[in-house]
Structure formats: C-alpha cells, structure tokens
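Enquirer:
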Amino acid sequence: MMEENEDMNHDTENDLDEETLFVVSQTFKALGDPTRIRILHLLYQQECSVNKIAEALNLSQSSVSHQLRFLKNLRLVKNRRAGTTIYYSHDDEHVIQILEQTIAHALHT
Ligand SMILES: [Zn+2]
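Set out below in structure tokens:
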C-alpha cells in the first residue's frame, strides 16, 4: 500500500498532494458534462469515428471533435488512424469503470 514519496509538499502520509488533487478534480470535471458522459459511454461499448459518434448521439461533428480533444488531453480517450478514418476509443480503465458504476448507480432502484 505505502509508496515511496519524495514530494516535499506532502504534509502527511494520508493527505493527497496537489498534483493528485488537480488530476482527480479534472477527472470529475471531465465526467461532469452530459455530452462527454454520452461520448465516453458510447466509446465504452465500441470504437468509433467522429462521424459515427455524431450520428449515434445526434451531435454536430464540431461538437464531438471539441469534446474528444478535451478528453484526449486528459488521456481519457485515444485514437488510431485507419486509412483516412480516425477511430476513437476509451483509454483509461479506471475512469471508464467510475463512469459505468455511476451510470449503474443512477439506474438502480
Ligand atoms: Zn448505487
């Protein structure tokens, strides 16, 4: 459980350092947007092109591209090129599990 930590900003062993807090906050911010939730949930199920995402979710391509850039900056999605098409998929098992758990939470009675 205990990891070596040389961070001088680390006050106590139980507290979180600033960088960790920043990443956690950014992650919940990323998940705090209905459009990004829809995109990530779709990418949980299948790899998709921008076109496919736009069609499946009835969004404009520019809106999808904008959100994918945001998610890619946080390394929550990745892409690969196949010919002229770029395919997106989710890139973090932790975050996708948080999302799917939260969806399950919203759906249970
Ligand atoms: Zn629950």
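Numbered per our numbering, the sequence shown spans residues 170 to 278.
A virtual CB, placed ideally from N, CA and C, is assigned to each residue, including glycine.
1) Where does Val192 land, buried or exposed, given buried means 16+ other C-beta within 10 angstroms?
2) Tell me whether Ala273 is buried or exposed, calling it buried when 16 or more other Cβ atoms sit within 10 Å of its Cβ.
3) Can you tell me whether DSSP reads Asn248 as helix, strand or coil?
4) For Glu243, which residues from the same chain have a beta carbon less than 8 Å from its beta carbon, with the 5 sequence-adjacent residues on both sides left out?
5) I'd like the span of the beta strand (DSSP E) that includes Thr278, first residue to last.
Expert: Put simply:
1) exposed
2) exposed
3) strand
4) In the sequence as presented, Glu is not what sits at residue 243; that position holds Leu. If we look at Leu243 and ignore the five residues flanking it on each side, its Cβ neighbours are Gln195, Thr196 and Ala199.
5) From DSSP, Thr278 is part of no beta strand (DSSP E); its letter is neither H nor E.
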